[in-house]
Amino acid sequence: MSVLQMSLREVSLALTDREISSAELMDVVLDRAEEVGTKLNAFLHIDRSAACAAARVADADRFAGRIKGPLHGVPMAHKDMFFRAGVRSSCGSAIPMPLADRTATVLSRLDAAGAIQFGVLNMAEFAVGGSGHNKTFGHCRNPWNAERISGGSSSGSAASVAARANFAALGSDTGGSIRTPASVCGITGLRPSFGRVSRAGVMGLSSTLDTVGPLARTAYDCAMVMNAIAGIDADDPTTAAAFSTDFLHGIDDSIRGLRIGVPTNYYSDAVDPAISHILDESLRVLQELNCVVTPIELPDVKAIDAAAAIVFASEGAALHAAQLRAHGEMYSEQVVARLERGFVIPAPTYLNAVRYRAVAAKEFLQRVFSQVDVIHIPVLPIPTPTITETDVRDGDKIDDMLGKLVGLTRPISYLGFPALSVPAGFTEDGMPVGMQLVGRPNAEATLLRIGHSFQGATDWHKRAPNIL
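Going by UniProt numbering, the residue at position 353 of the sequence shown is 353; the numbering climbs one at a time, nothing skipped.
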């Protein structure tokens, strides 16, 4: 097996068994990243010299017995919104950002775990947008078809992992920005529960919706990254209730008897037949793994999504107000159109939308998660659209596009629940489709166990795009 075809878990074992050195691995990954770079536009910057030097240090530490953990010496690149002290992150914007005065907690934790950052990745401008469009750096393209969207806003994270140019990447998810790219690029992506992973040193967008999580080839790989980045951080008060978890503990256990809820409302509305067929097949696999599939009726998800849209627009507008006044001409039309909506939302409307979250989450826990362990839904209701189809600026067209790109993910973000996108099949024209597994708060380990079992019974996650 080529080292580039290995999962994060497999390459970690190869390093442990000294089948390959970190320096050799880094050379292979850097060559691949540069090879696919111009075609996909996934990477914004690669620091070959620093990465190779760090890989040599990792090898020396390994040979001396100073091994930091399973990520020791593994190359990774991340979305360009995770700050590193003394470095200027673009945040996907043409507006010059200041040099960072601190390193993001998640990057510090990956550093401490021995991972080596070799580059930064393309993203939607200020993480606003589910398509992966970026007028400044160019749109990131889908490795399976360069005319299709890579998903957003963690576009480069998903595209680089799918293209076998990155073993795992950090992304952010405000309304679906990990799950959508993971689904359309055919990889695995986890949006953790709100407050599970620190956001300190990370570009913000919506303070009550933003989360940080991993994108990788497999559920097991995501668990490996979560073990490094999750937990309490004094610099992020939202993590105060986070508790220590080994996300790999029990991941190989049977999923027999787990109750999988399939909604009979909202998530079954207006879903393309091609997507429905793939989701039905994924349910069949889960039943063969002895899960119990149960029809469920959800609370008013339309009201939840409407509240989510209000919260996103209000918080995004507040965050960008000063910068829009100073540099409005440097924002793309699509981003301005979305942010400006927040300026006309009355404060009581925003506050009511924030307060409704606790009510809606409680109703979900009492009515839904009392009956099932996990909810099984699509990530997108449609096959992956083209870049041209989603490059819209008119208000009504933006609303229609958003409904298709985030309508099935944003309600989960609002509730603060964890969700995992897992490759579940391909459409007839060869585009990947993911299934979305949603759990109760802090149930990431259960989602990852189901994803891992599903991937043990299928090979969708092993398929690689032929992009060159």
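Heads up, the beta-carbon is just placed ideally off N, CA and C, and yes, glycines get one too.
Which residues bound the alpha helix (DSSP H) around ARG393?
ARG393 -> no alpha helix (DSSP H), and no H or E assigned at all.
In three-state terms, what does DSSP make of GLY451?
helix
Which whole-angstrom value is the C-beta distance of GLY92 and PHE137, which I expect to be below 8 Å?
7 Å
Limits of the beta strand (DSSP E) - the one that ALA169 falls within:
168-173
For LEU408, the nearest candidate out of ARG66, GLU288, ILE398, HIS376 (CA to CA)
HIS376
Have a look at SER193, MET203, LEU365 and flag the residue whose alpha-carbon is nearest the alpha-carbon of GLY316.
MET203
Own chain partners of MET330 with C-beta closer than 8 Å, once the 5 adjacent residues on each side are dropped:
SER93, ALA94, ILE95
Top-ranked residue by Cα proximity to VAL87, from LEU107, ALA230, CYS140, ALA464
LEU107
In the DSSP assignment, find the unbroken beta strand (DSSP E) run with PHE43 in it and report its ends.
43-46
Beta-carbon proximity list for ILE229, same chain, < 6 Å, skipping 5 on both sides
VAL106, ARG109, VAL197
Our contact map puts SER155 next to VAL128 with C-beta atoms below 8 Å; I'd like the distance itself, whole angstroms only.
At roughly 12 Å, the Cβ-Cβ gap does not stay under 8 Å, so SER155 and VAL128 are not in contact.
Am I right that GLY119 and ILE46 are in contact with their C-beta atoms under 8 Å? What's the rounded C-beta distance?
4 Å
By alpha-carbon positions, which one of ALA64, GLY132, THR188 ends up nearest to GLN455?
THR188
Am I right that ALA7 and ASP221 are in contact with their C-beta atoms under 8 Å? What's the rounded C-beta distance?
Reading the sequence as shown, one finds Ser at residue 7 and not Ala. Right, their Cβ atoms sit about 5 Å apart.
Using 8 Å as the threshold, is the C-beta distance between ALA158 and LEU215 below it?
yes
Reference LEU13; option with closest CA among ALA358, SER160, GLY73:
GLY73
Integer Cβ distance of residue 470 from TYR414, believed to fall under 8 Å:
There is no way to answer for residue 470, as the model of the chain reaches only from 1 to 468.
Nearest-angstrom beta carbon gap, ASN122 and ASN41 [assumed within contact, 8 Å]
6 Å
Taking LYS362 as part of the alpha helix (DSSP H), name the residues at either end of that continuous run.
347-367
Chain-order list of residues whose beta-carbon lies under 7 Å from that of residue 479 (same chain, five-residue window excluded):
Past the edges of the chain, shown from 1 to 468, lies residue 479, and the structure says nothing about it.
For the alpha helix (DSSP H) containing LEU279, list its first residue and its last residue.
273-288
Tell whether a beta-carbon distance below 8 Å holds between GLY250 and ASN290.
no
Decide if the region 385-398 is in contact with the region 234-241; the criterion is three or more beta carbon pairs, one per stretch, under 8 Å apart.
no
For ASP210, count neighbouring Cβ atoms within 10 angstroms of its own Cβ and tell me buried if that reaches 16, exposed if not.
buried
Neighbourhood of ALA353 by C-beta, 7 Å cutoff - its chain only, sequence neighbours within 5 removed:
ALA307, ILE310, VAL311
Among SER276, ALA124, CYS185, ALA162, the one whose alpha carbon lies nearest that of THR174
ALA124
Nearest candidate by alpha-carbon position, reference ARG32, set VAL3, PHE364, SER49, ARG9
VAL3
Nearest residue (CA-CA) to ILE467, options PRO381, PRO181, VAL161, ALA443:
VAL161
If I'm right that ALA223 touches PHE247 with Cβ under 8 Å, what's the distance once you round it to whole angstroms?
4 Å
Three-state secondary structure (DSSP) of GLY430:
coil
Identify which residue in VAL212, ALA51, TRP144, PRO295 has its Cα closest to the Cα of ALA464.
TRP144
Which word fits VAL374, buried or exposed, when buried means at least 16 other C-beta atoms lie within 10 angstroms of its C-beta?
buried
Pull up the DSSP beta-bridge partners for VAL293, would you.
ILE260
Per-residue DSSP class, three states only, for THR409
coil
Would you list the residues sitting across from VAL120 in a DSSP beta bridge?
HIS45, HIS78
Report the CB separation of ARG148 from PRO385 in whole angstroms; it is logged as a contact under 8 Å.
7 Å
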